[in-house]
Amino acid sequence: MKSFVAMLYAHLRMLMRNRILLVTSLGLALISIFVFGWLFGSGSGAQLRLGIVDHDASATSQQIAAQLGASDSLKVSRGSADEELAALRSGSRDAVIVIGAGFGADLSQGHATLQVYFDQSNPVTQASARMAVQSIVTGLNERASGRASPLALDEQAVSVHHLRQIDWLTPGMLGMLLMYANLSVGTALVAWRKQGVLRRIAATPLRQSALIGGQATARLLLSLAQCAVLIAVAILVFGVQIIGNWLALGLIVTLGALVMLSLGFVIGSFARNEEVAASLTFLISFPMMFLGGSYFPTENAPAFLAPIIRILPLSYLNDALRQIINNGADLAATQTDALALAAWMVVALLLSFRAFRWE
Amino acid sequence: MTTQQTRSPVAGDGEQTAQLDAVIIQAHGLVKRYGRLTAVDGVSFAIRRGEIFGLLGPNGAGKSSTLDMLEGIRPADGGAIVIDGLDIRRNRRAIQSRIGVQLQATSLFEYLQVSETIALFGSFYPKAIAPETLLREVALEDKARAYPQDLSGGQRQRLALALALVNDPTLVFLDEPTSGLDPQSRHMVWEQVLRLRERGKTVVLTTHFMDEAQTLCDRIAIMDHGRVIAQDTPAALIATLGASAAIECALIAGSVEAPISVDDLSGLPGVSEARLRGDTALIYTDRLEATLVALLRLAGAHGAQVDHLQTHAPTLEDVFLKLTGRGLRD
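These protein sequence lines are chains A and B, in that order.
Counted the way the working numbering counts, the first sequence spans residues 1 to 359.
Counted the way the working numbering counts, the second sequence spans residues 360 to 689.
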């Protein structure tokens, strides 16, 4: 125990002195937050511009349009389908909702659908417009089937789902930070093996595994602290809201750090020298940073990339973080992501246990 | 070939206690294989408490592999090791908390200062010496806050020595403690090793420098190809040459018809052994003057020229040459 505490303390000290690690993890995430926050504005004035085309012209459709118009986070304009779609194409709408004929009648049956056109050119507004409309539809369906009338738009849900660029970016930066802060454990492991540190430890009564355990624990603690700093900046400087549960967020962050550490161990087990380990880490982390959805949404990626994206652990981590931070999801709602991450961790640990060499 | 007869290495009854007390390491029939290569091939020795014991041999002789097994870094593939009365297979960690180890060229943690590194290693043991005390001992007080990679080779070696002493061990292993060091640093390390013996510690070191072995070691095991080929005090090993001096020279032949042969050299007065490799002659003698005079006369008779004539007192290098036909650094 005494040696583990000393080991943990020494590792924390070493990690804090490792400037490259701090710059590539917290530094990169903070710079991104500031650049995107300032460049693309973080003011609350950025409303989602929604066009409504009402073919139904029933009492229900009138009511929906009026209530959407009353929402602070939406800037609603109405017109014909031609006018509104032209406005969408020219960039003056973020999304257009078309209420089809017979909508009011469908709604009373409990399966109403809205036709929605999105601006493809801006992924962030597209994502938030999609979420906003989906929440409207879900709300409408629930009310109709629950026979709870009169129809009312869930204002809370809409404003919650109205994402600014910075709101959407913050969880992605947390995911990226966790990846960079922990994946490089492999390079450290290879360096110790190569330089004979593991051999030297083997000549003491300490177990070599305590050295690795200390390093993993130190990185986990450091990751939690770095995430706390990043979240604090996002909240205090840019007013980002953490809508979900803090405990759930903490658990997903911890799981994310553990997954990335396990992947780092795989690299550390297979790489023969530090250069190979560093290159492997870069080869894995750099594409994953983009394909994993830290900076851009990946829903519109070309079809051939979709299977890759669907397998990346960072995709699941970012998704879980966004669910909690942006959508207020609880742990149960992030179950799929958590299971995928846990599966990654188990596979990675099995792989590294099989391939690990002390010398 | 004095591979010492060892008793059964298992710590035993009262009759053996007195002897076991004097012996701190009992190694018997050690074997280490790496794939098809047998690096250590049946090595046995007994190391006495309080002595400096040297494993001397060329690179690849199996010295470091032998140390690895004694230090518990690698298990032996055969044979037995008893240290301080404990069998290493059953008491590895207990033994490791009593020994100090300096490995060949260890780099340490990049971002941990010298005194922090010593404190960290100290935490691995039940009791530890304060970093300041150790740094004073190895003359590195002013480097306490430096990072290991910023130290010179000699300073790094002294830091490794400090780490080997952090648990105040009774037994210290030093693997090539002076390789790659300048003469001044070498002498500094030598002094420290001798001081360890003064403080009652047992030191086991490996080296391929015969002068180092001769200066430091009370007893030596000479290793070659994974075996111990001779084991005794330096003086006794040198005495096996049966000569008080060695003559080295080049014999440039004058006449091709009648070159000087090894037999001619062996037949000179006082000579115990002679070698001829190309035109370089190495002659061991008990009567230096008489041999020299006869050698010059022999050269004159053959019309040969004697060049680069040197004489020296026989060393462990000569012992190794006699045993293997090769030099230590061939």
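Note that beta-carbon positions come from the ideal geometry of N, C-alpha and C, so glycine has one too.
Give me the Cβ distance between residue i and residue j, rounded to the nearest whole Å; I'm assuming they're in contact under 8 Å.
i: Asp583 of chain B; j: Thr683 of chain B; result: 5 Å
i: Ser3 of chain A; j: Leu189 of chain A; result: Incorrect: roughly 19 Å between the Cβ atoms, too far for contact.
i: Ile642 of chain B; j: Ala633 of chain B; result: 5 Å
i: Gly214 of chain A; j: Gly293 of chain A; result: With a Cβ gap of about 32 Å, Gly214 of chain A and Gly293 of chain A do not count as contacting.
i: Val621 of chain B; j: Leu635 of chain B; result: 5 Å
i: Gly745 of chain B; j: Ser625 of chain B; result: Examination of residue 745 of chain B is not possible in this model, given that chain B is present from 360 through 689 alone.
i: Ser223 of chain A; j: Ala181 of chain A; result: 5 Å
i: Arg193 of chain A; j: Trp358 of chain A; result: 7 Å
i: Leu251 of chain A; j: Leu331 of chain A; result: 7 Å
i: Leu230 of chain A; j: Leu26 of chain A; result: 7 Å
i: Ser315 of chain A; j: Thr298 of chain A; result: 7 Å
Quickly, what does DSSP pair residue i with across the bridge? List them, please.
i: Lys391 of chain B; result: B:Val399
i: Phe532 of chain B; result: B:Val460 and B:Val563
i: Asp583 of chain B; result: B:Arg586
i: Thr639 of chain B; result: B:Ala609 and B:Arg636
i: Asp591 of chain B; result: B:Ile579
i: Gly64 of chain A; result: The sequence as given places Ile at residue 64 of chain A; Gly does not occur at that position. Paired residue(s): none; Ile64 of chain A is not in a bridge.
i: Val35 of chain A; result: In the DSSP output, where bridge partners are listed per residue, Val35 of chain A has none listed.
i: Ile440 of chain B; result: B:Ala386
i: Leu445 of chain B; result: B:Ile442
Going by the CB atoms, is the gap between residue j and residue i shorter than 8 Å?
i: Pro528 of chain B; j: Ile458 of chain B; result: yes
i: Ala10 of chain A; j: Leu493 of chain B; result: no
i: Gly256 of chain A; j: Leu178 of chain A; result: yes
i: Arg93 of chain A; j: Asp54 of chain A; result: no
i: Leu540 of chain B; j: Gln516 of chain B; result: yes
i: Arg219 of chain A; j: Val185 of chain A; result: yes
i: Thr566 of chain B; j: Leu415 of chain B; result: yes
i: Asn526 of chain B; j: Ala487 of chain B; result: yes
i: Asp645 of chain B; j: Glu410 of chain B; result: no
i: Gly104 of chain A; j: Ser58 of chain A; result: yes
i: Gly37 of chain A; j: Ala87 of chain A; result: no
i: Pro507 of chain B; j: Ser466 of chain B; result: yes
i: Phe532 of chain B; j: Val460 of chain B; result: yes
i: Thr254 of chain A; j: Leu8 of chain A; result: no
i: Ala660 of chain B; j: Ala612 of chain B; result: no
i: Thr476 of chain B; j: Phe483 of chain B; result: no
Let me know the secondary structure DSSP gives residue i once reduced to three states.
i: Glu676 of chain B; result: helix
i: Gln241 of chain A; result: coil
i: Thr644 of chain B; result: strand
i: His667 of chain B; result: strand
i: Phe568 of chain B; result: coil
i: Lys75 of chain A; result: strand
i: Ser352 of chain A; result: helix
i: Cys608 of chain B; result: strand
i: Ala210 of chain A; result: helix
i: Ile693 of chain B; result: Summary: the structure shown does not reach residue 693 of chain B, with chain B confined to residues 360 through 689, and so no result is reported for it.
i: Leu682 of chain B; result: helix
i: Leu114 of chain A; result: coil
i: Leu50 of chain A; result: strand
i: Arg360 of chain A; result: Coverage of chain A is limited to positions 1 through 359, which leaves residue 360 of chain A absent and any answer about it impossible.
i: Phe404 of chain B; result: strand
i: Ile284 of chain A; result: helix
i: Gly268 of chain A; result: helix
i: Val525 of chain B; result: coil
i: Gln363 of chain B; result: Reliability fails at Gln363 of chain B, whose pLDDT of 46 lies under 50, so the model's placement of it is uncertain and the value that follows must be treated cautiously. Coil at Gln363 of chain B, not helix or strand.
i: Ile488 of chain B; result: coil
i: Ser223 of chain A; result: helix
i: Phe381 of chain A; result: Only positions 1 to 359 of chain A appear in this structure, which leaves residue 381 of chain A out of reach.
i: Leu414 of chain B; result: strand
i: Ala375 of chain A; result: Because chain A spans 1 through 359 in this model, residue 375 of chain A falls outside it and cannot be assessed.
i: Val552 of chain B; result: helix
i: Val630 of chain B; result: strand
i: Arg504 of chain B; result: coil
i: Ile432 of chain B; result: coil
i: Thr599 of chain B; result: coil
i: Pro205 of chain A; result: coil
When you measure from the CB of residue i to every non-hydrogen atom of the ligand ZN, does any distance come out below 7 Å?
i: Gln241 of chain A; result: Annotation note on the ligand ZN: not contained in the displayed structure, which lists no ligands.
For the pair the segment 251-270 of chain A and the segment 335-350 of chain A, tell me if three or more CB-CB distances fall below 8 Å. Yes, the segment 251-270 of chain A is in contact with the segment 335-350 of chain A.
If you pair each beta-carbon of the segment 433-442 of chain B with each one of the segment 387-397 of chain B, do three or more pairs fall below 8 Å? When Cβ pairs closer than 8 Å are counted between the two stretches, the segment 433-442 of chain B is seen to touch the segment 387-397 of chain B, the count reaching three or more.
Any chance the segment 24-41 of chain A sits against the segment 232-248 of chain A, with 3 or more Cβ pairs inside 8 Å? With the cut-off at 8 Å, the segment 24-41 of chain A and the segment 232-248 of chain A touch.
Is the number of C-beta pairs between the segment 664-677 of chain B and the segment 603-611 of chain B that are closer than 8 Å three or more? Cβ pair count under 8 Å is three or more, so yes.
Taking only beta carbons into account, state which residues of the segment 644-673 of chain B come closer than 8 Å to chain E, listed in chain order. This model lacks chain E altogether, as its protein chains are A and B.
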